[in-house]
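Per UniProt numbering, residue 1 is the first one in the sequence shown, and the count goes up by one each step.
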Amino acid sequence: MKRKQRTQHDFTRLNAIFFGSIVGLLAGAVVSTFRLAIEHLLKLMQSLYGWFGQNPVWLIPWALLLVAVAVLIGHWTKQTPMIKGSGIPQVEGQLAGEMDYAWWPVLWKKFVSGILGIGSGLFLGREGPSIQLGGTVAQGVAEGFRFKGSQRRLLIAGGAAAGLSAAFNAPIASTLFILEEVYHNFSTLVWLTSLTSAVVANFVSNEVFGLTPVLHINYQHALPLRYYGLLLLLGVGLGLLGYAYQWVTLRGASWYAKLRWLPQHLDGIIPFLLVIPIGLLWPVALGGGNGMIVLFAKHTPLLIPLIGYFILRFCFSTISYSSGLPGGIFLPILALGALLGAIGARIFVAVGWLPSIYVANLIIYAMAGYFAGISKAPFTAILLITEMVGTLHHLMPLAVVAIVAYITVDVLGGAPIYEAMLEQMVKPAEAKDVGPTDRLEFAVNEGTVLVGQQVRDIVWPTGSLLVSVRRGERSVIPHGDTILRAGDSLVIFTYQNNRAYVRQQLTHLNDSSKQLPD
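Below, the structure is given as structure tokens:
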């Protein structure tokens, strides 16, 4: 008698959804609490500075208290350096195998120090810390289930997407940001885990903050096509100033290093003291800037005050971030973009090129353009602003401004800001041929020397083995005469401790400006 052949069910994707949901639920709860605490503390700061204006004698003890907070945070950053700054480069480094850290100290220290720093009114964003908090929560979940290698990285990617989603209520853009800018991996399990985590985290966040978009901006009319020429000018201006922001931000830490009289871990004292006059004179500007964006979109100041606010935010956001305090640049970038959009709109209105009813439109478009230029992630920028504003009516002008700003920064030689930050944090890796095996996936880019080459002609990194080439939905078992194509995803086995070296070497080969070695 013939035995009935049992159907083998593949539960891999179902497992990705299940564990992604767990990560999304936990990360959403942590990040929503983080966000809620910052918002309440910022409101308290704005009220306090109004009171200090009437009772200036209390400014001295207040300054001493802020210095004490800066010293406490500095002590934590010295103990646990991975809590410094945004947190996005740290997560990207984890996923690339270039760094790792213990999850619990980073989780609680980043959580508390982020609330103290951002909530005190420094020009820092909550999104970078939210991404790291989400990824760190996922790291803890992976440790609890004893996940290693690719399973662990899947959860970390999902946690990072969940963190950004809970911070901005933008699950689709959050998923794309992790795929496009952080993990650089579009495989099915990665996007499925990330999207599931982001959606669940967004549900948790909506339960806390409601369904109103984070940057709910009302505008009266869609921009007519006859004004699209102004978007080209706006995009070029955003690209030029975006490159300037990159240049200053990436050099800020080296400028702090020249302050020999102040220990490096206490650099945060400077922005904590500088925030006092800002709080007294311009309390509306305190924090990451989302409240100011919504306010200025409703009641846009005149041109000169707008320029003043832009200079203030540009300078103090780089001072705040470069000090090494836990906090991001994501939201401050959007705030700067909104100010530039308002400045451009005011100029166009003054010269008679644009009716005043479209000022809010340009504020929305400029946020996407400025972020697209600085991060070099235009798809994320377009979707992020669409979800944060809560309408699909401006996709075309968003795309125009984002593309022009991106190209402008690219022509000037600007690099993706988070990748550049990661490069400053890590050193070139060395080959390591010991330890447990692991795998990595690497995409072949169009226009690089890998395209059109036979596998046997490529000098593969030490300790690596190409086991599969994925083309769309099918996998090709590679031979020496297999020709690589643009868009191929290379599946490579190596040692777990060798992933950073292999990735760095392949990145070098995948650069269109490089040539294959003889």
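C-beta: ideal position from N, C-alpha, C; glycine also.
Beta-bridge analysis with DSSP links F493 to R439, L465. Between S86 and Y418, the C-beta spacing is below 9 Å. Taking C-beta atoms as the reference points, I319 and F123 count as a pair closer than 9 Å. Beta-bridge partners of Q454 (DSSP): I483. Judged by DSSP secondary structure, S475 falls outside any alpha helix (DSSP H) and instead within the beta strand (DSSP E) spanning 474–476. In the DSSP assignment, the residues bridged to R470 are S475, S489. An exposed status is given to S475, since fewer than 16 other beta-carbon atoms sit within 10 Å of its beta-carbon. The continuous stretches of alpha helix (DSSP H) do not include A170, and DSSP gives it neither H nor E. Between D488 and V469 a beta carbon distance of about 5 Å is seen, short of the 8 Å cut, so the two are scored as contacting. Shown here, G352 sits in coil according to DSSP, grouped into three states, outside any helix or strand. DSSP lists G328 as the beta-bridge partner residues of G125.
Nearest to E98 by alpha-carbon distance, out of L506, N497, T507, L509, is N497. The stretch 127–137 and the stretch 107–115 touch, with three or more beta-carbon pairs separated by less than 8 Å. As summarised for the stretch 284–324, the continuous alpha helix (DSSP H) elements at least 4 residues long and confined to that stretch are 290–298, 303–322, given in chain order.
Apart from sequence neighbours up to five positions away, the residues of its chain that approach A96 with a beta-carbon distance below 6 Å are R503, ordered along the chain.
Here T408 is actually not in contact with G287; their C-beta atoms are around 29 Å apart, not less than 8 Å. Note on the stretch 164–249: there is no whole beta strand (DSSP E) run with a minimum of 3 residues.
DSSP places M99 in the coil class of the three-state scheme, outside both helix and strand. Nearest Cα to P428 within the set R35, K78, G369, G93: G93.
Rounded to whole angstroms, the Cβ separation of I374 and I343 is 17 Å, and the two are not in contact under 8 Å. Note on S254: under 16 other CB atoms within 10 angstroms of its CB, so exposed under the neighbour-count rule. Nearest in C-alpha terms to L65, of all of W282, V275, L225, is V275. Selection P301, Q79, I382, D410 evaluated against Q264 yields Q79 as nearest (Cα-Cα). Under the three-state reduction of DSSP output, V23 falls in the helix class. In this structure, A405 keeps its C-beta atom at 9 Å or more from the C-beta atom of L384. Where Y501 is concerned, the enclosing alpha helix (DSSP H) starts and stops at 499–509. Exposure of V467 is indicated by the presence of fewer than 16 other C-beta atoms within 10 angstroms of its C-beta. For the pair of segments examined, the stretch 197–208 was found not to touch the stretch 52–72: the number of CB pairs separated by less than 8 Å stays below three. Ranking L484, F272, G352, V106 by CA distance to the CA of M82 puts V106 first.
Counting only runs that start and end inside the stretch 66–113, the alpha helix (DSSP H) elements of at least 4 residues fall at 88–96.
Per DSSP, L259 lies in no alpha helix (DSSP H) segment and is marked neither H nor E.
In the DSSP assignment, E419 falls within the alpha helix (DSSP H) that extends over 417–425. Taking the CA atoms as reference points, D438 sits about 6 Å from F493.
A Cβ-Cβ separation of about 11 Å leaves E181 out of contact with A372 under the 8 Å criterion. In this structure, the straight-line span from the alpha carbon of R153 to that of T482 is close to 29 Å.
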